[in-house]
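K.L.:
Sharing a structure with you now.
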Amino acid sequence: MADKVLMKGNEAIAEAAIMAGCNFYFGYPITPQTEVAAYMAKRMPKIGGTFLQAESEVAAINMCIGVASTGKRVMTSSSSPGISLKAEGISYMAGCDLPALIVNVQRGGPGLGGIQPSQSDYFQAVKGGGHGDYHLFVVAPASVQEMVSLTAHAFNVAEKYRVPAMLLADGTLGQMMEPVVLDDLKVEEHDKSWALTGTKMEREHNIINSLSMLPEELEQWNIDRYKRYDMMEEQEPMWEEYMMDDAEVCVVAFGISSRVSRNAIMAARANGLKVGMIRPITLWPFPKKALRAAADKVKAFVTVEMNMGQMFEDVELATRCLKPVLKCTRTGGCIPTPEHVLSVIDEANKLGGEQ
Amino acid sequence: MDCKRIVLLAGHYGSGKTNIAVNLAMELKREGKSVVIADLDIVNPYYRTKDSQEELAAAGIPLISSAYANSNVDCPALPQEIYSIFANKENYAILDIGGDDRGAYALGRYTPFILEENNYEMLFVLNQFRPLTRTVEDTIEVMREIEAAAGIRFTAIVNNSNLGVETTADDVVGTAAFAEAVGNAAGIPIRFTTVWESIYEGVSAQMEQVVPLHLQDKRLWRS
């Protein structure tokens, strides 16, 4: 028996979730994430778990609220339009302080959009999407292997801070096949004393609720939640630095865009340009410190993303606009080519002094 | 390559059916045979036969595919031209069936024509490195589900076991015993083993009946 298996990204997410102790999945089919549900439908009955194809995305996310309230690991998945439908439930989940994993295998938008890969739900993932003051813990894998490790990590962090987590992938990562090692994941145990498990007449009953008609009480809930967000901003940012030691131009790219960028950087290095990359692995919390530190060293940044320039705004914020930030964007289901990235790197390299 | 007039390729999704279908059609054409290829995959709109339409057209191989494939209409429709495969018995035909039993349901409506003519082979494309076909038991389950959906039995196995770009010759050779065991359990032979052309020499030095595949790799990244 081989140690490695050849998996689609969507399958890897599903199997990793099961290995991370998720025995409950509720979802609704939508291209390009349908294999998550298809895989769960095959596997869950075999491990005594629950797979349920809900009547809608709205129903699926509310089923997740129910399971999460009992302290069990639960997951739903969809693609862009379906995530918009789930937005109300995600906000309720955040308001109820419930951990769960929401997977978004993005496709082009807005509206019904297309079925080809996209990263245009960045704002939706990191700035809300639903109503109210809240954040999700957002991870952005760049390989099928990372879809395994980050699925488990997202469950762990969600439970540690009692927040919903989102794994933000795209149609390319969901559909592409790569060899993976499945045991490359960690499962942590966190306090679940808040869960609805029955008091057995031995403790006070727990309440899971996001409603308060008392403004001061609701404000306090938000303030308490933001203390946890502050801890997350301090402790949970993840990023990868690639060839940054002597870099004069810093590419910032996440997910599949970082794979394309890596090839462009190799080509730029071959042309004698000093280029590196900071790849955010967590999109919220954003790796602000790494970018702020890079702003003291490089002369310009290039954001490469499959949207009209969304993470671009967070890079400008994180670097306090100390250095110019150039955009390299494709959208609507198009993927930037290494040549396109290289041309914007060239442009960035000409900024900030004679070369 | 000696084969029946109609070659049906079915199996677990992601097992490599489409790539093998395109390569087989090209091989038959090279041998001077008249061949058509039909895309019956109405389940997954990503990575389908139509992605190779330019190469097929250049080789002079007609592609029968849904008018809605790779279009704005996400509609699981089959083209009427598929019936021409059963009417025109001079051509060879390669049929690329959608993955799993869900994909194989689409074949069911043509099964009476195929069985009546009885000049077909139904090949199960196997990749031991895929997570749901790693044991004989699981693999037989997938086979039986597809057969039930399509209304037709497999006649042989194509061993396409691979780990993508990382596949070594030894990886492939190491799956031969497994493929044999699946064949024994299902009561059907191994038709051939398919490998990417880059490792063809290494594999064919150790095994018989090895067929090299040329892969259409359109990725924009290498690492």
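Chains A and B, in that order, give the protein sequences.
At position 312 of the first sequence the residue is numbered 312 (the working numbering), and the sequence of numbers has no breaks.
At position 63 of the second sequence the residue is numbered 1063 (the working numbering), and the sequence of numbers has no breaks.
Beta carbons: idealized from backbone N, C-alpha and C, even for Gly.
#1: Under a CB-based cut-off of 7 Å, is B/E1166 close to chain A?
#2: Rounded to the nearest angstrom, what separates A/P45 and B/L1024 at their Cα positions?
#3: Under 8 Å by Cβ, that's how I've got A/V364 and A/V304 pegged, so tell me the actual separation to the nearest angstrom.
#4: Compare the C-beta of B/L1095 against all C-beta atoms of chain A and say whether one is closer than 7 Å.
#5: Mind checking which residues open and close the beta strand (DSSP E) that includes A/P117?
#6: May I ask you to report which of helix, strand or coil DSSP gives A/Q355?
#7: So B/G1032 contacts chain A; which residues on that side make the cut at Cβ distance below 8 Å?
#8: Within 7 Å (strictly less), CB to CB, does B/F1086 reach chain A?
#9: Please name the residue, chosen from B/N1184, B/A1177 and B/G1187, that lies closest to B/T1193 on a Cα-to-Cα basis.
#10: Under a CB-based cut-off of 7 Å, is B/G1014 close to chain A?
#11: A/E146 CB to nearest chain B CB: under 7 Å?
#12: Do you know offhand how far A/V344's Cα is from A/L291's?
#13: Is the separation between the beta-carbon of B/R1005 and that of B/Y1092 shorter than 7 Å?
#14: Would B/S1066 pass as a contact of B/A1077 if the rule is Cβ separation under 7 Å?
#15: Please check the pair A/N104 and A/S79, which I expect to be a contact at CB under 8 Å, by giving their CB distance rounded to whole angstroms.
#16: Who pairs with A/S78 in a beta bridge, going by DSSP?
#17: Just how far apart, CA to CA, sit A/S261 and A/V341?
#18: Thinking B/T1167 and B/Q1128 are a contact (beta carbons under 8 Å), I'd like their distance in whole angstroms, please.
#19: Determine, using beta carbons only, whether B/P1131 comes closer than 7 Å to chain A.
#20: Could you list which residues in chain B have their beta carbon closer than 7 Å to that of A/K8, in chain order?
#21: Taking the alpha-carbon of A/C96 as reference, which of A/Q106, A/V67, A/V315 and A/P338 has the nearest alpha-carbon?
#22: What is the DSSP secondary structure of A/I335, counted as helix, strand or coil?
#23: I'd like to confirm the pairing. Which residues does DSSP put opposite A/K327 in its beta bridges?
#24: Using a Cβ cut-off of 7 Å (strictly closer), state whether A/V275 contacts chain B.
#25: With 7 Å as the threshold, decide whether the Cβ of A/V103 is near any Cβ in chain B.
#26: Would the beta-carbon of A/L85 fall within 7 Å of that of A/V58?
#27: Less than 7 Å separating the beta-carbons of A/E241 and A/K274?
#28: How is A/F123 classed by DSSP in three states: helix, strand or coil?
#29: For the alpha helix (DSSP H) that B/T1193 lies in, which residues bound it at each end?
#30: With respect to the beta strand (DSSP E) encompassing A/M277, which residues constitute its N-terminal and C-terminal limits?
#31: Are the Cβ atoms of B/V1035 and B/G1103 separated by less than 7 Å?
#32: If you reduce the DSSP assignment to three classes, tell me which class A/M232 lands in.
#33: Alpha carbon to alpha carbon, what distance is there between B/S1071 and A/G132?
#34: In terms of residue numbering, what span does the beta strand (DSSP E) encompassing A/F26 cover?
#35: When the cut-off is 7 Å and only beta carbons count, does B/L1126 lie next to chain A?
#36: Starting from the Cα of A/I115, find the closest Cα among A/G333, A/L351 and A/I281 and give me that residue.
P.N.:
By the coordinates alone:
#1: yes
#2: 37 Å
#3: For residue 364 of chain A there is no data in the structure shown, the boundaries of chain A being 1 and 355.
#4: no
#5: From DSSP, A/P117 is part of no beta strand (DSSP E); its letter is neither H nor E.
#6: Bear in mind that a pLDDT of 41 at A/Q355, under 50, signals an unreliable position, so the model cannot answer this.
#7: In chain order: nothing, as chain A lies at least about 34 Å away.
#8: no
#9: B/A1177
#10: yes
#11: no
#12: 19 Å
#13: yes
#14: yes
#15: 7 Å
#16: A/N104
#17: 6 Å
#18: With a Cβ gap of about 11 Å, B/T1167 and B/Q1128 do not count as contacting.
#19: yes
#20: G1014
#21: A/V67
#22: coil
#23: A/T303
#24: no
#25: no
#26: yes
#27: no
#28: helix
#29: Unbroken run through B/T1193 is the beta strand (DSSP E), I1190 to W1196; no alpha helix (DSSP H).
#30: V275 to P280
#31: no
#32: helix
#33: 38 Å
#34: F24 to G27
#35: no
#36: A/G333
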